[in-house]
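For the record, the sequence lines run as chains S and P.
The C-terminal position of the first sequence is numbered 494 in this note's numbering, with every residue numbered one higher than the one before it.
The C-terminal position of the second sequence is numbered 1011 in this note's numbering, with every residue numbered one higher than the one before it.
A virtual CB, placed ideally from N, CA and C, is assigned to each residue, including glycine.
Since we're looking at a predicted model, the values are computed, not measured.
Below is one structure, written out as structure tokens; comments come after it.
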Amino acid sequence: MFFRILHKGNVGDLVTGLAATREIVGPKAKGEDFVFGEITDPSELVLDYPTTILPPKKYFLLPKENLMHYDTKNSGVSQDAPNVTPRVIFGVHPCDINSLLLVDKVFLGDFVDPYYKARRDNTLIIGVSCMPTPSCMCNAFGTGEVNQGFDLFLTDLGDRYFVSCSSVEGADMLDKFVETREVEPQDMKAFQERTKAWEEAFTPAPDITQLPLLFDAKYNDPLWEEIGDDCLSCGACSAVCPTCYCFDVNDRQDADGQGGNRVRTWDSCCFSSFAEVAQGHNFRAQKAARVRYRFYHKQWGYLSKFGKVLCVGCGRCTKACKVNINPRRVIEALVKGGE
Amino acid sequence: MGVNSSIAYRELQANPFRPWAARITSITQLTDKERLFEFRLIDEVVRDAFDFEAGQFMELSIFGVGEAPISISSAPSKQGFIELCVRNSGTVTGALHEKQCGDIVGLRGPFGNGFPFEEMKGHDVLLVAGGLGIAPLKSLINHIHDERHEFGKVTILLGARNPGEILFHEEFKMWKHREDFDLIMTVDQPDDTWDGDVGLVTKLFDKIELDPKNTYGAICGPPVMYRYVIEEMRKKNLDVDHIFMSFERRMKCGIGMCGHCGVGHQYACIDGPVFSYWEAMNLQEAM
Ligand SMILES: Cc1cc2nc3c(=O)[nH]c(=O)nc-3n(C[C@H](O)[C@H](O)[C@H](O)COP(=O)(O)OP(=O)(O)OC[C@H]3O[C@@H](n4cnc5c(N)ncnc54)[C@H](O)[C@@H]3O)c2cc1C
Ligand code: SF4
Ligand code: SF4
Ligand code: FES
């Protein structure tokens, strides 16, 4: 890793330079909100934004994707070439970079998902620092800071960015497209001040030290009924979550009946049919059981496999849920022991 | 090795979602709802590379309909063919039941873990199956049969709703007369033809003698069965880490990605489907 200083006025050069070979994606305004979308003009890019509605997950695990085409008559399949656009994603917050590293463990582990991998391999990531919003809780999970998973990372120092470069591609971009200068002592000082201000801006983090234990100990606690009864089973929390990766697979016939596509779509364990098996038996028929499972899996199930919690505290689910179900409420209820 | 097949073999590693074409080579009607299908993978390289353990499952594809996880019924020693015992219970399995000998379907796998065959060697074995649960256990039974001298006493307890629903009846009738397998069958609803036991499979525990420290148990059946069978095994003093069971969950990938098969903090497709009772008793939503 090496460090440089980039003046904000020069960011446009980086965008224009990269645009020759890649699609540029980044946060841009949409009404009152911000979304990751294609950037056709550098002025659209808003690097100083609170949180986007959907995380960058949608560029790696597509909301809907053809896995393969089949031919009904011969029962043959041809794998669809993974649908890949070489891209650079600008302005990814630390929690979202960390979320991709967590999802990688699932799709690039013992079994490798070639579709996901092709897109991961063809995407450059330029991270950017942020200031916490009231719903942010990356301070609880230690996901507000990153030292891997990006090519460049920009820390906002007012009129300039402190640039951390951690890949050959990142170094190339700096060499080819944009003017930077060396880091000087006053930049280091500004960096430290900025980090301090960032730490102080958080709502105090809930205590997560005992979570796995609490999930097992309070598995049958009435708190799950109290929280779960409100759930609308709408799945919004999973759709906006950068670390939710569950999917469904279905065959969609072509109109001529000769063949069709095997299609993967996002799914959610909050949906009532998610855990149903033959003869209508449902392992999670009650809403409370499904809400509990979602949190259980994130805060304990994934942890038991990969040693990390499957939540980066981005707060998107807190904003998306119409009935106020969110990690802070659940964790605090568990710690207190019922509501 | 032809060019096409070596490419196919590389692809075998490259895309775990890709089903391989398999031809149906025989169909046996077992009961009203269940048939035994024998398949042969068409690609030679894939077929030669194929290997599995008793207890593992395949993802069966009927194109245009979808996929379903099905346990392998044949023994690993049966090279070149894969047997699946399938109940007509929904869209994919229903579509398979409409297929004829010679038709082609898709298969991918094997996935999941197997019963701890090597660990079981040198011990007595008690196998308990309810209904269709015999499908994965049959693979284990056949495997034990092929290496019979490696095992002590082998006891099989089999329960079914009525005599018509007993799977592999003929095969088991044959075994019943052999010295080296103790097989006891029971049905809930007997008919005129039935001269065997009547009642739930748990009732048969009164009839057997076990050397508890030397016995491995394996269970497969409908979700309600496990709790009661384990209770009987525990009464006979079998160790918690010597009891194994196979779980059924909804599956969409078979490889730990889609999230559908979660059992507590595990996934049935990659951490199971076979769990020891020691693991299962510490899993939420297991039984
Ligand atoms: C490890 C493992 C091994 C197995 N081994 C065998 C075996 O050896 N033999 C065998 O016959 N079966 C076996 N099964 C069971 C088999 O996979 C299921 O019965 C499977 O559902 C059959 O698929 P299907 O498409 O035919 O049925 P589906 O069409 O999936 O229907 C099955 C049931 O699922 C529910 N369901 C399905 N889709 C929906 C939906 N969209 N919304 C609501 N409910 C829905 C319904 O309750 C329906 O009755 C095994 C399962 C597992 C996990
Ligand atoms: S669970 Fe909520 S806070 Fe955690 S990563 Fe998902 S959306 Fe963000
Ligand atoms: S927790 Fe909230 S967002 Fe999630 S499914 Fe329930 S109601 Fe919808
Ligand atoms: S079947 Fe997809 S995770 Fe187990």
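May I ask you to list the residues that DSSP assigns as paired with residue i?
i: H867/P; result: Paired residues: none, contrary to the question.
i: C472/S; result: DSSP output for C472/S lists no bridge partner at all.
i: C809/P; result: L760/P
i: V418/S; result: N221/S, N405/S
i: V267/S; result: L263/S
i: K442/S; result: K442/S pairs with nothing; no bridge assigned.
i: H162/S; result: R315/S
i: I793/P; result: Position check: residue 793/P holds Pro in this sequence, whereas Ile was assumed. Its beta-bridge partners are E783/P.
i: N837/P; result: Its beta-bridge partners do not exist; DSSP assigns none.
i: Y991/P; result: G986/P
i: G978/P; result: DSSP output for G978/P lists no bridge partner at all.
i: F461/S; result: For F461/S, which the question treats as bridged, DSSP gives no partner whatsoever.
i: R349/S; result: Bridge partners of R349/S: none, in fact.
i: R747/P; result: R764/P, I828/P
i: G282/S; result: V247/S, F308/S
i: C389/S; result: C389/S is not bridged to any residue.
i: V998/P; result: S970/P
i: Q753/P; result: R759/P
i: F157/S; result: C320/S
My understanding is that residue i touches residue j, with C-beta atoms under 8 Å, so please give their C-beta distance in whole angstroms.
i: G833/P; j: G978/P; result: 7 Å
i: P740/P; j: L831/P; result: So it is not a contact: roughly 13 Å between Cβ atoms.
i: H984/P; j: M975/P; result: 6 Å
i: C401/S; j: S388/S; result: Contact doesn't hold; Cβ gap of about 14 Å is too wide.
i: T939/P; j: D848/P; result: 4 Å
i: G941/P; j: H966/P; result: 6 Å
i: V258/S; j: K212/S; result: 7 Å
i: Q454/S; j: L366/S; result: 5 Å
i: Y316/S; j: L161/S; result: 5 Å
i: I828/P; j: A745/P; result: 5 Å
i: G299/S; j: P249/S; result: 5 Å
Examine ligand 6 and report whether any of its heavy atoms sits within less than 7 Å of the Cβ of residue i.
i: K453/S; result: This structure does not include ligand 6; its bound ligands are ligand 1, ligand 2, ligand 3 and ligand 4.
From residue i to residue j, what does the alpha carbon distance come to, in whole angstroms?
i: G826/P; j: I748/P; result: 5 Å
i: L820/P; j: E871/P; result: 32 Å
i: S254/S; j: H224/S; result: 31 Å
i: W353/S; j: A443/S; result: 36 Å
i: K757/P; j: T817/P; result: 10 Å
i: M725/P; j: V769/P; result: Here the model assigns M725/P a pLDDT of 36, short of 50, so the residue's position is not dependable, and the following value carries that caveat. So the alpha carbons of these two residues sit roughly 8 Å apart.
i: M844/P; j: V267/S; result: 32 Å
i: P947/P; j: P218/S; result: 33 Å
i: M286/S; j: E355/S; result: 10 Å
i: F346/S; j: D188/S; result: 28 Å
i: F305/S; j: P397/S; result: 16 Å
i: P210/S; j: P361/S; result: 23 Å
i: N837/P; j: G779/P; result: 7 Å
i: M898/P; j: V464/S; result: 54 Å
i: T364/S; j: F296/S; result: 10 Å
i: R274/S; j: V239/S; result: 6 Å
i: H436/S; j: R771/P; result: 35 Å
i: L263/S; j: C982/P; result: 13 Å
i: D935/P; j: M969/P; result: 20 Å
i: G462/S; j: Y991/P; result: 16 Å
i: I858/P; j: K802/P; result: 18 Å
To which residues of the same chain is residue i closer than 6 Å at the C-beta, ignoring the five residues directly before and after it?
i: N866/P; result: A799
i: V283/S; result: L202, G246, L309
i: S423/S; result: G390, S393
i: L279/S; result: V243, D306, E324
i: E431/S; result: N437
i: D251/S; result: P210, P211, P397
i: N165/S; result: V333, E334
Apart from the five residues on each side of it in sequence, which residues of its chain come closer than 7 Å, Cβ to Cβ, to residue i?
i: D919/P; result: none
i: G414/S; result: H224, Y225, D226, T227
i: Q753/P; result: R759
i: L173/S; result: I179, V243, M328, F332
i: I868/P; result: V849, F875, V878
Residues in its own chain within less than 8 Å of residue i by CB, not counting five upstream and five downstream?
i: R885/P; result: G855, V911, D912, Q913
i: E193/S; result: E178, I179, V180
i: D371/S; result: W455
i: D904/P; result: R872, V878
Any alpha helix (DSSP H) of 4 or more consecutive residues that is wholly inside the region 844-929 of chain P
The qualifying runs are 858-870, 893-900.
Whole alpha helix (DSSP H) elements within the region 929-972 of chain P, 4-residue minimum:
949-959
Counting only runs that start and end within the region 174-253 of chain S, where is the beta strand (DSSP E) found for 3 or more residues in a row?
178-185, 188-193, 219-226, 231-234, 242-247
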